[in-house]
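Going letter by letter, the sequence shown gives residues 0 to 135 in numbering that gives the first Met the number 0.
All C-beta atoms, glycine included, are put in the ideal place defined by N, C-alpha and C.
Please read all numbers here as calculations on a predicted model, not as lab measurements.
Please read the structure below before turning to the comments.
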Amino acid sequence: MKIKFIKFNDDVKIPFAAHYNDSGLDCFALDDYKLKQFKPVLIPLGFGISLPDGIECQLRGRSSNNIKGIITQFGTIDSGYRGEIKACLINLTPDDILIKKGDKVCQLVFSSFVQVDLVEELNNDRKEGGFGSTGR
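If you want it as structure tokens, here you go:
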């Protein structure tokens, strides 16, 4: 599937899959950013996308960052959004971490979805019980 994109910055490195069968496209930092402990930082990615109806794009973390204590907040990009995509990163380590220009900061994963309308007609005999209520 072809997805149209627009550059908001001339220095942007367009996301791509590192391997032909990867589900995620790697995204890159445009500049250097300092991540302080527990302080979320929005990192502009320098591009936007145009998604067809029925397709969403999920912004996800990278396992190599997760193991270092850098967490990317999960996000969804809907088909109507045309602005610049930004990644929200959080440092869970006690030390400042420097993200350098060109570092991989997150990945984009595209998927189809079912559009729903909620209708208030549910008869819920079960009511409560969740979060482990059925045991181990």
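Under the three-state DSSP convention, the category residue i falls into
| i | result |
| --- | --- |
| S22 | coil |
| N122 | coil |
| N90 | strand |
| S62 | helix |
| G47 | strand |
| T133 | coil |
| F109 | strand |
Under 8 angstroms between C-beta atoms of residue i and residue j
| i | j | result |
| --- | --- | --- |
| G53 | V11 | no |
| I13 | G47 | no |
| V108 | R59 | yes |
| V40 | L97 | no |
| G68 | L91 | yes |
Proximal residues to residue i (C-beta, below 6 angstroms), its chain only, five neighbours per side dropped
| i | result |
| --- | --- |
| K99 | D31 |
| I76 | C56 |
| D102 | A28 |
| T71 | G60, A86, L88 and C105 |
Chain-order list of residues whose beta-carbon lies under 7 angstroms from that of residue i (same chain, five-residue window excluded)
| i | result |
| --- | --- |
| I5 | F46 and G47 |
Close Cβ partners of residue i (< 8 angstroms) along its chain, the five nearest in sequence each way excluded
| i | result |
| --- | --- |
| M0 | I54 and F109 |
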